[in-house]
Amino acid sequence: MPLVSEPRKTSKLEWCFLAILAASAVLSFVAIPTLVGDGLLHVWFLDVGQGDAIFIEAPGGNQVLIDGGPDNSVLQELGRIMPFYDRLIDMVMLSHPHADHLRGLIEVLRNYEVGKVLENRIPCDTAECLEWEQSKQKAGEVIEAGVGDVINLGGGATLRVVYAREADARASVKNAHDYALIAKLDYGGQSVLFMSDAEKKVEQILAADPNLQAKFLKVGHHGSKTSTYEDFIEAVNPLLAFIEVGSRNSYGFPHPEVIERLDDFGIKYYRTDIDGTVELVLDGKNYEVVK
Ligand SMILES: [Zn+2]
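Okay, so the sequence shown: first residue is 875 according to my numbering, each after it adds one.
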């Protein structure tokens, strides 16, 4: 029997944001009316061309969008997944403020009600960043992420911030990828690791974590050869990998070396330039990939 089934009717769900810091404490509880899900965790790696946009629907129906891609194509993708009457996205996360991750989020804030914004504030003065500063004010709450923050998505699923480097507000950031927000989605015994555009430096820091393992990996930086190194793959030990990449992109992503590394480890991969939007469905134990 396929894992996928139709979402049920609307009702109220509890949504809470926990910050697990040194002493650990529950920061706040906020109730948000949203959809009741189908008891499964859905992750869509959206085909938005050359950029990242990942949509999550938790087992209880809460929805999270990680990055928005390079333009408004994310709206069309969301329109295919979300029912027309659902105009609320519970949380959007901006991993780092490069246009191919950010531009579509500005469009989402223009077109949807957004409960929370989760981001890592990085000094940035591009046109997109200036617009983002304005548009994110429409969200109910803007949260600056810290390592160890856990967002309870409901229905047993959590999103945990595993990497967020603080940037000095006055200093210019040489490579925003070193500050990218990295999150891990956990449900039952299954995890999905979202690597944003993280490169070797961040991978090396994360690889030192003995609990980094994740069955599913969204590879860093669209399959660039500066990411997804052997040591990192070994630490994550994924079964499946997902590459968000535009067809015939000018960067030559994904790099053949990365494909070779994945092949060497026997990791099956999906890429949005070839497979289009790819849906991963989890029930805490089993998985299904829907193309
Ligand atoms: Zn980037």
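Note that beta-carbon positions come from the ideal geometry of N, C-alpha and C, so glycine has one too. A quick note: this is a predicted structure, and the numbers were derived from the prediction, not measured.
Status (buried if at least 16 other CB within 10 Å, exposed otherwise) for residue i
i: Asp1147; result: buried
i: Glu1104; result: exposed
i: Ala1109; result: buried
i: Val1164; result: exposed
i: Glu931; result: buried
i: Pro933; result: buried
i: Arg961; result: exposed
i: Gly1063; result: exposed
i: Asn1121; result: The amino acid at residue 1121 is misidentified as Asn; the sequence shows Ser. Ser1121 comes out exposed.
i: Ala1001; result: exposed
i: Gly978; result: buried
i: Pro957; result: exposed
Per-residue DSSP class, three states only, for residue i
i: Ser902; result: Legend: pLDDT at Ser902 = 36, less than 50; position of this residue unreliable, no value from coordinates given.
i: Ser947; result: helix
i: Lys1048; result: coil
i: Leu1113; result: coil
i: Lys1165; result: coil
i: Glu850; result: It is not possible to answer for residue 850, since the shown part of the chain is limited to 875 through 1165.
i: His916; result: strand
i: Lys990; result: strand
First through last residue of the beta strand (DSSP E) which encompasses residue i
i: Glu1018; result: Glu1015 to Glu1018
i: Phe958; result: Note, Phe958: premise wrong, no beta strand (DSSP E); not H, not E.
i: His975; result: Here His975 belongs to no beta strand (DSSP E); instead the alpha helix (DSSP H) covers Ala973 to Asn985.
i: Asp1060; result: Ile1056 to Tyr1061
i: Tyr1053; result: Looking at the DSSP string, Tyr1053 is not in any beta strand (DSSP E), and its letter there is neither H nor E.
i: Ala1031; result: Ala1031 to Tyr1037
i: Asn1026; result: Asp1023 to Gly1028
i: Glu1040; result: Taken as a continuous stretch (DSSP letters only), Glu1040 belongs to no beta strand (DSSP E), as it is neither H nor E.
i: Lys1092; result: Phe1090 to Lys1092
i: Leu1067; result: Gln1064 to Phe1068
First and last residue of the uninterrupted alpha helix (DSSP H) at residue i
i: Glu1007; result: Ala1001 to Ser1009
i: Ala1081; result: Lys1074 to Ala1081
### Message
If we require 4 or more residues per run, which alpha helix (DSSP H) segments fall completely within the region 1117-1161?
### Response
Complete alpha helix (DSSP H) runs here, min 4: 1130-1138 and 1146-1149.
### Query
Going along the chain, which residues put their C-beta within less than 7 Å of some heavy atom in ligand 1?
The answer, residue by residue, is His970, His972, Asp974, His975, Ala1050, His1051, Asp1071 and His1095.
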